[in-house]
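In what follows, a single structure is set out as structure tokens and then discussed.
Number of protein chains: 2
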Amino acid sequence: MDFHLRLKKLREQVAAKRLDALLVSHLPNIRYLCGFTGGAGFLLLSDSGFVFFTDVRYDMQSRTEVKGARVIIARKALLAAVAEWLWTHRKRARQWTIGIDAEHLTVAEKKRLADLLPSGVRLRNAPALVEQARMTKDEDELEQIRRAVQLGASLFDRAVQVLRPGVKESEVAAEMEYAARRAGAEEMSFPTIIASGPRSALPHGRASDQAIAAGSFVVCDFGVILHGYCSDEARTVWVGDPSGVIAKDARDAYEAVKEAQQTAMAAVRSGVTAGEVDAAARKVLRKTGLAKYFRHSTGHGVGLEIHEAPRIAVSQKEVLKPGMVITIEPGVYFPGKWGVRIEDMVVVKEGGCEVMTPTSKDFTAV
Amino acid sequence: MDFHLRLKKLREQVAAKRLDALLVSHLPNIRYLCGFTGGAGFLLLSDSGFVFFTDVRYDMQSRTEVKGARVIIARKALLAAVAEWLWTHRKRARQWTIGIDAEHLTVAEKKRLADLLPSGVRLRNAPALVEQARMTKDEDELEQIRRAVQLGASLFDRAVQVLRPGVKESEVAAEMEYAARRAGAEEMSFPTIIASGPRSALPHGRASDQAIAAGSFVVCDFGVILHGYCSDEARTVWVGDPSGVIAKDARDAYEAVKEAQQTAMAAVRSGVTAGEVDAAARKVLRKTGLAKYFRHSTGHGVGLEIHEAPRIAVSQKEVLKPGMVITIEPGVYFPGKWGVRIEDMVVVKEGGCEVMTPTSKDFTAV
Chain A
1 MDFHLRLKKL
11 REQVAAKRLD
21 ALLVSHLPNI
31 RYLCGFTGGA
41 GFLLLSDSGF
51 VFFTDVRYDM
61 QSRTEVKGAR
71 VIIARKALLA
81 AVAEWLWTHR
91 KRARQWTIGI
101 DAEHLTVAEK
111 KRLADLLPSG
121 VRLRNAPALV
131 EQARMTKDED
141 ELEQIRRAVQ
151 LGASLFDRAV
161 QVLRPGVKES
171 EVAAEMEYAA
181 RRAGAEEMSF
191 PTIIASGPRS
201 ALPHGRASDQ
211 AIAAGSFVVC
221 DFGVILHGYC
231 SDEARTVWVG
241 DPSGVIAKDA
251 RDAYEAVKEA
261 QQTAMAAVRS
271 GVTAGEVDAA
281 ARKVLRKTGL
291 AKYFRHSTGH
301 GVGLEIHEAP
311 RIAVSQKEVL
321 KPGMVITIEP
331 GVYFPGKWGV
341 RIEDMVVVKE
351 GGCEVMTPTS
361 KDFTAV
Chain B
1001 MDFHLRLKKL
1011 REQVAAKRLD
1021 ALLVSHLPNI
1031 RYLCGFTGGA
1041 GFLLLSDSGF
1051 VFFTDVRYDM
1061 QSRTEVKGAR
1071 VIIARKALLA
1081 AVAEWLWTHR
1091 KRARQWTIGI
1101 DAEHLTVAEK
1111 KRLADLLPSG
1121 VRLRNAPALV
1131 EQARMTKDED
1141 ELEQIRRAVQ
1151 LGASLFDRAV
1161 QVLRPGVKES
1171 EVAAEMEYAA
1181 RRAGAEEMSF
1191 PTIIASGPRS
1201 ALPHGRASDQ
1211 AIAAGSFVVC
1221 DFGVILHGYC
1231 SDEARTVWVG
1241 DPSGVIAKDA
1251 RDAYEAVKEA
1261 QQTAMAAVRS
1271 GVTAGEVDAA
1281 ARKVLRKTGL
1291 AKYFRHSTGH
1301 GVGLEIHEAP
1311 RIAVSQKEVL
1321 KPGMVITIEP
1331 GVYFPGKWGV
1341 RIEDMVVVKE
1351 GGCEVMTPTS
1361 KDFTAV
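Chains as they are written, first to last, in the working numbering: chain A, 1 to 366; chain B, 1001 to 1366.
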């Protein structure tokens, strides 16, 4: 990862925003900028370069991992160490404005820091510069994400092997998560969703102790973290006889969601807005009267975090750019009955997109 | 869980703090108060009772889970829905002061909410009333935590079965996590730490692809979430011949940490401060010159979150009370060499404590 380039770009942006310094507090942003993977830290950018503050638990780890920043192991609370550094390095001659990460710094953290600052130093809510930069992935990142997506996709094969009537949802999740670990995943990127029967109508139905019953869908939504980067995929399978009369509506809904998903993917290219991609999915579902059962957004960015910018949702003005990695995941949900969702990850390209997820979308019954 | 009682107590405390309302934003606090287990929501307490705001993804789920609060499914951003409710229900005749959860609400969230509020309604940082209440567990919670601790402890037996020279740290973690899922755990309470060789000197050395080598310690620190409640346990095992000259120092350090851990547990009882328990552990290590290698705190509260109040650390004034559940986990770490940590969970009682973790602490070699 080219941490040097990332830090250089950020430094230019901070200068352009007329900030004297920027305090980065969100850990995925810190990892993106300097490589630290631990659980506590602040990264301060100023005229004096980058300084990374962490605590004794991460002493050895930070010295190995952190690139492009001086490491300070705080002997006190981290924000107190930041304030102490500012006391030592402030420019007495003039006001100093420090940008803070308002979307992540808590009200209490801001107050604790403000109370410790020297006079002449003030805090200002900074725009989400690092999140903006993270939206567009570089080649190193795309390669990591492709590997995570490939590993993630292999878990669905495992799910289909074990998914049968009578098996608990949590058992299917257990087999997938075990396979993920054995294949080198650090952890799952979110709690595995294995939602069967009426639970498949819950968009966030994480695997429960419920036994899977025939005559309904099972929504499988899952992802891994590999070398820090997330994957996200969803497939929906029918359990039981797919030819019966009960399955007819289900098959129709499945095919409509599949068409909506493919149409939305076909709409992805550099220059269109996120809202246009969302609209493409909804338009297909409107044809068959299913749009009102599609109640969540069409997708989201994925990278160091499972949910990051941009949001692919109604009226979103964000213009897609080459290198953005997003999910396309329309779904329809009939409360008390069942639901269907199909989700792939794609990379935005100049004239279209690269579909990362290799898994088949053919209607599948087990 | 007695949500009714929890809500009633909170209502009394909010009145005593001269707040007209309280906006609870931290999800574990919301789960504690009204039972919601999903991933997005705000709980507002006011004269009109409790109102819970969530989005369409949690429509069915919130209606099933939430006790003691009216559920509003927001059609817009959640904080905009909260503001809209306040516009409708404000008392025109007087000022309204709404307490916010300053340790969890972000600077940006506070600004978005403040910008939408009617005049006469203002926000004030509220004390951590819910965290305070959560420190002392009721019988239902203790029962859940005991079950989580029992399940967690069974994973160490699995670790000892597979932990051998040449096996990867991540393979040990995979077997433990698989066993956890099969036994009904929802997920691990934190990324499993299997830290072997020099990595055992990292207090947060999560399982890597490194193969375990003989002639060193392996620190195993792991926990599960069962019905929402966390477990946390650490054991350290020697890999290879325990009788050799290399192992002599290691055995001595192990026995010192074990004595420190047991002495700190013996110091736990209602009425002592968290700092006194921490000091008890350090005093033992000072006898053998090891205190300077014990660089983290002695423990922390555990419940719906893996780290919650109280902190068991140097000079902490918090007085322990019956029903508090805490970890006792001293460790010593020799950078580049190895580390040892031993951790149990205990419940504070009137004259002492109940040790929840059943696992033996005898020096073990595999």
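For each residue, glycine too, the CB sits at the ideal point set by N, CA and C.
Predicted, not measured: the structure shown is a model, and the values here were computed from it.
Worksheet entry | the region 1294-1324 of chain B: positions lying closer than 8 angstroms to chain C by Cβ | Looking for chain C here will not work: the only protein chains present are A and B.
Worksheet item: Is any beta-carbon of chain A found at less than 8 angstroms from that of B:Thr1106?
Response: Closer than 8 angstroms to some Cβ of chain A, the Cβ of B:Thr1106 qualifies, so yes.
Practice prompt. Indicate the three-state DSSP secondary structure (helix, strand or coil) for A:Asp2 in the structure shown.
Written response: Assignment of A:Asp2 by DSSP, reduced to helix, strand and coil, places it in the coil class.
Worksheet entry | Residue range of the unbroken beta strand (DSSP E) whose run includes A:Phe53 | Judged by DSSP secondary structure, A:Phe53 falls within the beta strand (DSSP E) whose first and last residues are Gly49 to Asp55.
Worksheet item: Are A:Phe36 and A:Leu7 close, meaning C-beta to C-beta below 8 angstroms?
Response: Taking 8 angstroms as the cut-off, the beta carbon of A:Phe36 is found no closer than this to the beta carbon of A:Leu7.
Practice prompt. Please determine if the region 297-311 of chain A and the region 1009-1016 of chain B are in contact, where contact requires at least 3 C-beta pairs separated by less than 8 angstroms.
Written response: Here the region 297-311 of chain A does not lie against the region 1009-1016 of chain B, with fewer than 3 beta-carbon pairs under 8 angstroms apart.
Practice prompt. Determine, using beta carbons only, whether A:Ala256 comes closer than 8 angstroms to chain B.
Written response: Not closer than 8 angstroms to any Cβ of chain B, the Cβ of A:Ala256 fails to qualify, so no.
Worksheet item: If A:Ile194 sits next to A:Val218, beta carbons under 8 angstroms apart, how far is it from one beta carbon to the other, in whole angstroms?
Response: Contact flag correct, Cβ pair sits at about 6 angstroms.
Discussion item. Cβ closer than 9 angstroms: which chain A residues qualify as neighbours of B:Asn1125?
Written reply: Per Cβ cutoff of 9 angstroms: Val107, Ala108 and Lys111.
Fill in: Whole-angstrom distance between A:Ala148 and B:Ala1327, CA atom to CA atom
It should be noted that the sequence gives Thr, not Ala, for residue 1327 of chain B. Each residue's Cα considered, the two are about 35 angstroms apart.
Worksheet item: When you compare only the Cα positions, how much space is there between A:Pro165 and A:Val348?
Response: Whole-angstrom Cα-Cα distance: 39 angstroms.
Item to complete: Provide the residue span of the beta strand (DSSP E) that contains B:Thr1327, from first to last.
Response: Val1325 to Ile1328 is the span of the beta strand (DSSP E), which, as asked, contains B:Thr1327.
Worksheet item: What is the DSSP secondary structure of B:Ala1309, counted as helix, strand or coil?
Response: Collapsing the DSSP output to three states places B:Ala1309 in a strand.
Worksheet item: Given 8 angstroms as the limit, is there contact between the region 1244-1254 of chain B and the region 1196-1211 of chain B, that is, 3 or more CB pairs closer than that?
Response: The region 1244-1254 of chain B makes no contact with the region 1196-1211 of chain B; the number of CB pairs closer than 8 angstroms stays below 3.
Worksheet entry | Candidates B:Arg1282, B:Ala1266 and B:Ala1159: closest to B:Thr1236 by CA position | Minimum Cα distance to B:Thr1236 is reached at B:Ala1159.
Discussion item. Per the DSSP calculation, A:Tyr333 is bridged to which residue(s)?
Written reply: BP columns for A:Tyr333 point to A:Gly339.
Worksheet item: Which residue from B:Lys1258, B:Gly1223, B:Leu1019 and B:Val1066 puts its Cα closest to that of B:Gly1038?
Response: Checked all of B:Lys1258, B:Gly1223, B:Leu1019 and B:Val1066; the closest Cα to B:Gly1038 is B:Val1066.
Discussion item. At 4 residues or longer, what runs of the alpha helix (DSSP H) sit wholly inside the region 1152-1236 of chain B?
Written reply: Within the region 1152-1236 of chain B, the complete alpha helix (DSSP H) runs of at least 4 residues are 1169-1182.
Discussion item. So, under 8 angstroms CB-CB, B:Glu1233 and B:Gly1152 are touching, yes? Tell me the CB distance rounded to an integer number of Å.
Written reply: At roughly 5 angstroms, the Cβ-Cβ gap stays under 8 angstroms, so B:Glu1233 and B:Gly1152 are in contact.
Discussion item. Looking at the strands, I want to know which residues DSSP matches up with B:Ser1046.
Written reply: According to DSSP, residue pairing for B:Ser1046 in a beta bridge involves B:Gly1049.
Practice prompt. Kindly list, in the order they appear in chain B, the residues whose Cβ is closer than 8 angstroms to that of A:Tyr178.
Written response: Neighbours of A:Tyr178 on chain B, chain order: Ala1174, Glu1177, Tyr1178 and Arg1181.
Discussion item. Beta-carbon within less than 8 angstroms of B:Met1188's beta-carbon, same chain only, minus the 5 sequence neighbours each way: which residues are those?
Written reply: If we look at B:Met1188 and ignore the five residues flanking it on each side, its Cβ neighbours are Glu1177, Ala1180, Phe1222, Gly1223, Val1224 and Ile1225.
Worksheet item: Buried or exposed: A:Leu5, going by 16 or more other Cβ atoms within 10 Å of its Cβ?
Response: Exposed: under 16 other Cβ atoms inside 10 Å.
Worksheet item: Where does A:Arg124 sit, in a helix, a strand or coil, going by DSSP?
Response: DSSP places A:Arg124 in strand when its eight states are reduced to three.
Practice prompt. Return the residues of the region 59-70 of chain A that lie within a Cβ-Cβ distance of less than 7 angstroms from chain B, sorted by chain order.
Written response: Those residues of the region 59-70 of chain A that come within reach of chain B (Cβ to Cβ, closer than 7 angstroms) are Met60 and Gln61.
Fill in: A:Val172 vs A:Val366 beta-carbon contact at 8 angstroms
Against a cut-off of 8 angstroms, the Cβ pair of A:Val366 and A:Val172 comes out as no contact.
Item to complete: Measure from the alpha carbon of A:Tyr58 to the alpha carbon of each residue in A:Ser170, A:Lys168, A:Asp157 and A:Ile73, then state which is nearest.
Response: Per the C-alpha coordinates, the member of A:Ser170, A:Lys168, A:Asp157 and A:Ile73 positioned closest to A:Tyr58 is A:Ile73.
Worksheet item: Do three or more CB pairs link the region 310-327 of chain A to the region 122-131 of chain A at distances below 8 angstroms?
Response: Contact between the region 310-327 of chain A and the region 122-131 of chain A is not established, with fewer than three Cβ pairs separated by less than 8 angstroms.
Practice prompt. Pick out whichever of A:Lys321, A:Ala260 and A:Ile306 has its Cα sitting closest to the Cα of A:Ala291.
Written response: With distances taken between CA atoms, A:Ala291 lies nearest to A:Ala260 out of A:Lys321, A:Ala260 and A:Ile306.
Worksheet item: Taking Cβ positions, are B:Asp1373 and B:Asp1241 nearer each other than 8 angstroms?
Response: Lying before the first or after the last residue shown, residue 1373 of chain B is absent from chain B, which here runs from 1001 to 1366.
Discussion item. Is B:Val1056 close to chain A? Criterion is C-beta to C-beta, closer than 8 angstroms.
Written reply: Output row for B:Val1056: interface = yes.
Fill in: Test item: CB-CB of B:Arg1146 and B:Met1356 under 8 angstroms
In contact: B:Arg1146 and B:Met1356 (Cβ atoms closer than 8 angstroms).
Discussion item. Under 8 angstroms, Cβ to Cβ, is there at least one residue of chain B near A:Ala201?
Written reply: Yes, because at least one Cβ of chain B sits closer than 8 angstroms to the Cβ of A:Ala201.
Worksheet item: Whose Cβ in chain B lies nearer than 7 angstroms to the Cβ of A:Glu103?
Response: Within 7 angstroms of the CB of A:Glu103, the CB atoms of chain B belong to Thr1106 and Ala1108, in sequence order along the chain.
Item to complete: Could you check what DSSP says for A:Thr106 in three-state terms: helix, strand or coil?
Response: Correct three-state label for A:Thr106: strand.
Worksheet item: Hey, does A:Ser170 have any beta-carbon neighbour from chain B nearer than 8 angstroms?
Response: At least one beta carbon of chain B lies nearer than 8 angstroms to the beta carbon of A:Ser170.
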